[in-house]
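Be aware that the sequence shown starts at 102, since it is given in my numbering, and climbs by one per residue.
In this text, a Cβ means the ideal position worked out from N, Cα and C, and glycines have one as well.
These figures come from a predicted structure and were not determined experimentally.
To start, the structure itself, in structure tokens.
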Amino acid sequence: MLEQIIHWSVRNRLLVVLLTAFAIGAGFYSMLHTPVDAIPDLSDVQVIIYTEFPGQAPQVVEDQVTYPLTTQMLAVPKAKVVRGFSFFGLSFVYIIFEDGTDIYWARSRVLEYLNYASGRLPKGVTPSIGPDATGVGWIYEYVLESDRHDLQQLRSIQDWYLRYELTAVDGVSEVASIGGYVKQYQVTVDPSRLLAYHVTIPMIRRAIERSNNDVGGRLLEMGETEFMVRGLGYIRS
């Protein structure tokens with residue numbers, strides 16, 4: 102067999118040279134245009150739906166959030182697997198598409214069907230899809246350290262300054278913050294006083310929501326000067 106190949110190559114020198122030149126050219130073209138990745142992305146094309154249902158048990162989350170979303174996503178075109186997971190106050194739905202499906206097309210289809218499913222969810226529950234990222238997209242971690250700032254201040258610096266600068270970098274789809282303390286304002290109620298004044302927790306909540314607001318009072322003209330009137334009501338301490 103090998104001798105026949107050699108004899109054929111000798112008799113067809115020009116054809117062998119042309120085939121060799123074509124192979125070299127194709128290899129050189131592939132070397133220049135084939136993307137090279139140290140960690141190739143072999144994960145499935147998937148879209149993740151993330152939903153918060155604060156304070157609810159996993160069974161309630163499953164019945165009222167995960168199940169309606171999962172059944173609705175089964176009808177999404179080219180979706181081959183739909184998986185739902187329910188946790189305390191959280192719901193995750195994974196929609197895995199057929200190989201070769203364009204990720205942006207898949208995300209737009211999920212958004213369309215998500216609009217139909219939103220009407221079946223409890224009031225105040227709003228699902229959202231995860232960022233356009235893959236399972237190998239976590240590429241870098243960093244730590245903020247300071248002798249002059251506490252953990253709450255470091256978390257605020259991360260959430261309100263560094264995160265937006267890094268998100269603007271080309272190719273970055275999400276910057277996830279972990280650790281520290283998220284700044285919050287807490288209202289401590291006295292059950293005895295609530296009972297004495299016949300005040301309920303929902304009443305306190307509504308009062309806080311109404312008072313935590315800035316309002317405008319238009320303009321006040323004095324002479325040739327206009328003064329802007331504002332009511333400052335945002336909680337600051």
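Pair within 9 Å by beta-carbon distance, Pro228 and Ser192: Contact flag set, yes.
Complete alpha helix (DSSP H) runs within the stretch 265 to 328 (minimum length 4 residues, chain order): Within the stretch 265 to 328, the complete alpha helix (DSSP H) runs of at least 4 residues are 292 to 297 and 302 to 312.
7 Å Cβ shell around Ser247 - same chain, five flanking residues per side excluded: The residues Leu255, in chain order, have a CB closer than 7 Å to that of Ser247 in the same chain once the five nearest residues on each side in sequence are set aside.
Which of helix, strand or coil DSSP assigns to Ala180: Residue state, collapsed to three classes: strand.
Buried versus exposed, by CB contacts within 10 Å (16 or more), Tyr214: Answer is buried; the Cβ neighbour count reaches 16.
DSSP bridge partner residues for Leu119 (one or two, in chain order): DSSP output for Leu119 lists no bridge partner at all.
Range covered by the beta strand (DSSP E) that runs through Val148: Judged by DSSP secondary structure, Val148 falls within the beta strand (DSSP E) whose first and last residues are Gln147 to Glu153.
Whole-angstrom distance between Ile196 and Met174, CA atom to CA atom: One C-alpha to the other measures close to 7 Å.
Nearest-angstrom Cα separation, counted from Gln147 out to Asp233: For Asp233 and Gln147, the distance between alpha carbons rounds to 9 Å.
Under 9 Å between C-beta atoms of Ala207 and Pro169: Contact flag unset, no.
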